[in-house]
Amino acid sequence: MENIYLAIVLGPLAGAVVAGLLGRWIGRGGAHWVTILGVATSFALSLVVLWHLVVEGAPAFDGSVYTWMTAGGIHFEIGFLIDRLSALMIAVVTFVSLAVHIYTIGYMREDPGYIRFFSYIALFTFAMLMLVMSNNFLQLFFGWEGVGLVSYLLIGFWYERESATFAALKAFLVNRVGDFAFVLGIALVVMYFNTLNYEPVFRVAPLMAELSIQVVPGMDWSVVTLICLLLFVGAMAKSAQIPLHVWLPDSMEGPTPISALIHAATMVTAGIFMVARLSPLFEYSPTALNVILVLGGATAFFMGLVGIVQHDIKRVIAYSTISQLGYMAAALGASAYAAAIFHLMTHAFFKALLFLGAGSVIIAMHHDQDMRHMGGLRKYMPITYITFLVGSLALCGIPPFAGFFSKDSIIEAVHASQLPGAQFAYYCVLGGVLVTALYTFRMFFLVFHGKERMDEHTRSHLRESPAVVTVPLVMLAIPSALVGWYTIRPILFGGYFGNSIAVLPAHNVLAEVGRDFHGPAVMAEHSVHTPALWLALGGIFLMWVVYWLRPALAGILRRTFLPIYYILEHKYWFDDLNEKVIAAGGRLMGRLLWRIGDVRLIDGLMVNGSAWLVGRWAAISRRMQTGYLYHYAFTMLIGLLLFLSWFVVR
Amino acid sequence: MTFEMPDFWLALPEMFVLGMACFILVLDLFLPEERRGISYFLAQITVIGAFVSSLWVAPAGVQTTFDGMFVSDPLGTFLKLAIYVLTAGVFLYSRGYLRDRALYKGEYYVLGLFGMLGMMVIVSASSLLTIYLGLELFSLSLYAMVAFDRDSLRASEAAMKYFVLSALASGTLLYGLSLLYGLTGSLEMSQVAQFAGGHAGEHYAFVFALAFVLVGVAFKFGASPFHMWIPDVYHGAPTSVTLYLGAAPKVAAFAMAMRLLVDTLGPLQASWGPMLVVLAVLSLAVGNVVAIAQTNIKRMLAYSTISHMGFLLLGLLAGTRTGYSAALFYAVVYALMSLAAFGVVILLSRAGFEAERLGDFKGLNERSPWFAFMMLVAMFSMAGVPPTAGFYAKLAVLAAVIDVHQTWLAVVAVFFSLIGAFYYLRVVKLMYFDAPADPEPLTARLDLRVALSANGLLLLGLGIYPGLLMGWCLAALH
């Protein structure tokens with residue numbers, strides 16, 4: 034099996050290298066074939082691995098394939114931990130990646146950076162797989178940075194656009210904040226556990242639960258809590274949790290396929306995956322779990338609200354992604370790791386579907402992304418319309434679509450949690466359902482129904498996208514509709530994850546929820562009695578009225594809720610805070626350090642000053658070389674006298 | 348009084364070189380100008396023959412002959428081999444230079460060979476008299492070589508200065524040696540050492556003699572404050588002679604230090620150690636700092652020599668076998684670096700044009716990327732940048748100094764090396780980042796080009812695999 038694991042990782046890497054380095058010779062066709070082949074191989078093999086683990090019941094694999102170096106008793110290795118958690122993740126990652134690869138052929142057809150794009154997304158797949166399959170913190174960090182790098186490259190893919198380079202830089206900087214904390218967390222792990230591998234860390238974690246550390250003298254902090262919080266700050270940046278979410282909406286400057294692949298389905302879920310992967314560690318820090326729960330809940334609700342006032346179709350979906358990531362984080366905080374991963378999976382499908390659907394719309398609209406210029410697209414783009422509807426229903430959690438099962442489970446799990454912040458988080462995720470329905474169907478009705486608001490030229494060119502675009506849509510619509518129904522029982526309540534996720538008995542909220550679970554059909558039926566479904570349906574109905582039946586209402590509503598609208602319009606001023614306070618403060622400090630520290634002290638005094646001193650010294654000393662023979666002889670005699678007096682003095 | 352028949356066999360290389368030098372001297376009289384190459388080839392054959400015969404006659408252990416005046420030991424053999432290689436390199440490099448300047452005379456080679464013979468005698472000396480004999484033979488050859496371009500005022504001035512100062516130093520040395528003879532009643536090094544070791548009571552007298560001997564040795568090294576002749580002579584002499592001065596004599600100076608300080612006055616290490624500290628620190632300071640103010644590359648390299656000799660003395664003053672082997676390694680590597688650097692100066696010069704000014708190196712990379720790279724290797728090696736041989740040489744010396752708990756000396760040495768890095772890197776900057784001031788193409792002959800390339804690559808190779816040479820150095824000092 035080891036070779037299969039290696040092949041899964043190396044397939045996309047080979048594709049990326051060939052397309053990236055030999056792109057000039059193999060051409061566009063060659064570039065997309067070689068990368069698609071690599072990713073398709075990975076997908077097929079990941080299904081083999083999944084089959085091997087789930088159906089044949091093989092034990093998990095944990096082993097290293099290559100030792101980079103050993104220093105101070107710590108091994109730096111490339112290794113794989115393949116259990117049901119990572120097997121599920123690689124299947125999802127490679128599947129979505131494959132769909133996006135195919136879709137890209139259509140979406141990027143006319144782009145001059147076609148080959149580069151394929152090389153990047155294949156490289157991304159490689160890095161993501163390294164992250165997911167890792168059995169140690171070092172490789173996790175490698176993958177973590179790798180996906181971050183490719184994300185940066187792809188957000189700034191159209192580098193001649195100023196807004197794209199700005200967004201890329203922003204994503205990079207925000208992630209730097211997270212990565213800094215993340216690597217500190219890893220350093221703490223190495224410091225206290227003296228290893229980088231997961232397995233020994235997990236084994237020792239219960240013994241470490243009571244240990245404390247004094248970072249600030251006089252204040253005892255739990256080591257595990259500190260590690261978990263630092264690691265989670267990394268996850269906050271990667272998985273766009275408040276307040277490090279600011280880069281994700283801007284990342285929509287990148288081409289739509291990567292919004293689907295990286296900024297919806299896979300990379301942004303790396304933080305969620307990481308916490309689930311390290312659940313044996315996080316379980317021992319109720320404090321960290323509580324923080325995650327509260328932040329997740331807040332993100333789910335408040336970021337969803339911002340989505341309601343956006344005009345750019347991709348930004349609506351971006352805020353939706355942040356909101357859904359909040360759901361996942363809330364599930365993690367409630368110790369319902371399985372529910373988080375379950376939602377991660379269903380979300381990967383329907384969110385990738387929505388992004389690709391939006392991309393299809395954008396192609397038809399000649400790359401105009403403003404929803405105010407759309408409307409009535411249903412009759413021009415039937416396949417996009419149907420698949421988009423499937424995705425929207427899944428996102429809103431309407432049974433029996435996939436999102437319903439995962440989201441409802443999260444709501445129930447948060448409801449069952451005993452942590453101090455659970456109450457707050459519960460109202461947040463519940464309110465989030467309404468919000469989700471509002472922004473989703475506002476977008477849906479604005480785009481596909483109502484008056485056709487585009488200009489005449491665009492209208493005359495409206496048509497359904499080609500097969501390379503619609504086939505991936507259908508490919509993703511099927512699991513978006515069905516995957517929840519068929520997998521909720523094993524994944525959430527059937528012990529699918531086994532030992533790969535650890536939950537302390539005291540935190541086991543899913544077991545509690547599972548007591549009331551009697552199959553997906555019953556769950557769907559029972560939802561009639563829960564507030565969540567009514568909130569969702571109510572939201573959809575409201576949007577139907579506002580944006581289809583009575584378009585004039587939209588303006589009235591906006592005026593009525595002007596203060597709220599104003600807050601949301603400014604996205605709670607996070608961007609202003611970052612740009613005007615943090616970034617400006619950073620620049621101010623940089624300028625001060627540059628002017629005073631660098632120019633004056635280091636350059637002026639130390640570098641140039643010492644150079645000046647040496648230069649003066651040299652200029653003076655060279656005068657001693659007078660050229661007069663008797664001076665030379667005199668010097669020699671002085672030297673001799675010096676040595677003679679040496680022993681007289683002693 | 349009976350004379351024992353000496354073992355001439357051990358001195359075969361010396362006798363061979365002497366015979367060949369005389370032969371070339373006579374033969375050259377009858378050679379027409381255009382057949383001068385014969386003298387050159389004979390000189391090279393002499394060096395090669397000396398190389399082969401030295402290897403041939405090398406005894407397994409230590410053997411003395413000529414009534415204890417001449418010694419043949421592994422250290423001597425190794426030093427001689429190094430001297431041969433360096434001398435052969437010098438002859439090869441200077442051929443074109445001499446030809447371009449009407450200096451292409453047999454005397455250059457004859458004097459070069461006599462100088463080499465003098466160095467060989469120093470290396471093999473086991474009596475105070477022998478070492479003085481070798482020193483004088485060597486110095487006399489050099490005076491003549493420095494003044495070789497007799498129409499050049501600067502060369503004559505340099506030769507004059509060299510002659511007077513060297514005579515002063517020789518006198519001092521001789522005075523020291525005579526004191527030693529007076530104290531011990533012997534000229535044989537081993538007996539002087541034995542006596543010095545057993546008569547701690549007469550310490551002052553010995554130290555008095557030591558100071559005079561040390562001045563002679565320091566002068567040969569060009570260690571500060573006995574360095575004043577170096578810049579003027581390096582600058583004034585024809586580049587081919589500077590090349591000669593900069594290479595093998597450093598190895599000979601090391602031999603002289605080993606024979607006089609370690610073999611003869613070894614018991615006084617506690618006295619000459621601190622004296623060497625003074626010499627070393629002063630040399631490092633003067634060499635590195637004053638080099639910065641130079642605009643002439645020959646002068647700059649002269650000061651660089653002074654600083655390198657300071658480094659070499661650091662290895663000696665450690666007084667341990669690793670220290671001596673580090674110093675030996677340093678001497679050989681320095682000679683190679685100096686050969687490469689002056690080799691490039693020769694490469695750039697042509698009839699009527701001496702590439703002596705730093706400005707002449709501007710834009711060398713555009714004119715000849717390969718030789719710019721070779722100069723870069725030489726400069727990096729002198730500055731001590733890994734992975735060049737110079738880095739390892741400095742490292743070995745510093746390690747030896749730290750081994751004897753003189754860490755502050757290592758710090759001083761590194762500090763001055765740091766200052767010194769400036770003028771080496773300035774040459775690199777001129778070569779790579781400035782526009783060429785001299786558009787003339789390089790005219791050097793193929794043999795020079797090949798030898799220079801091998802020289803530069805050797806510096807790189809020795810930096811990557813220093814173990815081979817270091818192993819020889821350690822074995823030589825066993």
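Protein chains in written order, with our numbering: chain A, 34 to 683; chain B, 348 to 825. Note that CB positions come from ideal geometry on N, CA and C, so glycine has one too. Treat the numbers as computed from the prediction; the structure is a model and nothing was measured.
Within the same chain, Cβ atoms closer than 8 Å to the Cβ of residue 229/A are found at 107, 108, 109, 110, 169, 170, 171, 219, 222 and 223, the five residues on either side in sequence being excluded. At a cut-off of 9 Å between beta-carbon atoms, residue 640/A makes no contact with chain B. Straight across, the Cα-Cα distance linking residue 59/A with residue 67/A is about 9 Å.
Residue 728/B places its beta carbon less than 9 Å from that of residue 736/B. Excluding five sequence positions before and after residue 321/A, the CB atoms of its chain that fall closer than 7 Å to its own CB belong to 258, 261, 262, 265 and 315, given in chain order.
Contact annotation: residue 523/B and residue 560/B have beta-carbon atoms nearer than 9 Å. Interface with chain A (9 Å Cβ-Cβ cutoff): residue 607/B is excluded.
Taking CB atoms only, residue 635/A has no neighbour in chain B less than 9 Å away. Taking a beta-carbon distance threshold of 9 Å, residue 664/A counts as an interface residue toward chain B. Chain-order list of chain A residues neighbouring residue 385/B: empty, with the shortest C-beta distance near 39 Å, by a criterion of under 7 Å. For chain B, none of the residues of the segment 484-506 of chain A brings a beta carbon within less than 7 Å of one of its beta carbons. DSSP places residue 715/B in no alpha helix (DSSP H); its state is neither H nor E.
Using a CB distance below 9 Å, the part of the segment 578-600 of chain B facing chain A consists of 578 and 579, ordered along the chain. In the three-state reduction of the DSSP assignment, residue 168/A falls in the coil class. Going by DSSP, residue 409/B is part of no alpha helix (DSSP H) at all; its letter is neither H nor E. The beta carbons of residue 187/A and residue 288/A sit closer together than 9 Å.
Taking each of 164/A, 504/A and 42/A in turn and checking the Cα distance to residue 75/A, the smallest one comes out for 42/A. Cα atoms of residue 671/A and residue 572/B: separation of roughly 8 Å, rounded to the nearest angstrom. Closer than 9 Å to the CB of residue 679/A there is at least one CB belonging to chain B. With contacts defined by Cβ atoms closer than 9 Å, residue 440/A and residue 466/A form a contacting pair. For residue 542/B and residue 740/B, the gap between their C-alpha atoms comes out near 35 Å. One alpha carbon belongs to residue 82/A, the other to residue 162/A, and they sit about 13 Å apart. In the three-state reduction of the DSSP assignment, residue 707/B falls in the helix class. DSSP places residue 316/A outside both helix and strand once states are collapsed to three, so it counts as coil.
Between the C-alpha atoms of residue 496/A and residue 485/A there is a straight-line separation of about 14 Å.
Using beta-carbon distances, residue 395/B does not count as an interface residue toward chain A, since no partner is under 9 Å. Inclusion of residue 456/B and residue 387/B in the CB contact set at 9 Å is warranted, their separation being smaller than that value. Taking every protein chain shown into account, the CB of residue 472/A has 16 or more other CB atoms within 10 angstroms, so this residue is buried. For residue 668/A, the neighbours in chain B by C-beta distance under 7 Å run, in chain order, 572 and 575. Taking 9 Å as the cut-off, the beta carbon of residue 570/A is found no closer than this to the beta carbon of residue 543/A. One alpha carbon belongs to residue 480/B, the other to residue 757/B, and they sit about 36 Å apart. At a beta-carbon threshold of 8 Å, the residues of chain B lying near residue 652/A are 640, ordered along the chain.
Contact between residue 267/A and residue 325/A is ruled out by a C-beta separation of about 12 Å, above the 8 Å threshold. Annotation for residue 130/A: no beta strand (DSSP E) segment contains it, though the alpha helix (DSSP H) segment containing it runs 117-140. Taking a Cβ-Cβ cut-off of 8 Å, the neighbours of residue 673/A in chain B comprise 519, 558, 559 and 562, given in sequence order. If you check each beta-carbon in the segment 235-259 of chain A against every beta-carbon of chain B, none falls closer than 8 Å.
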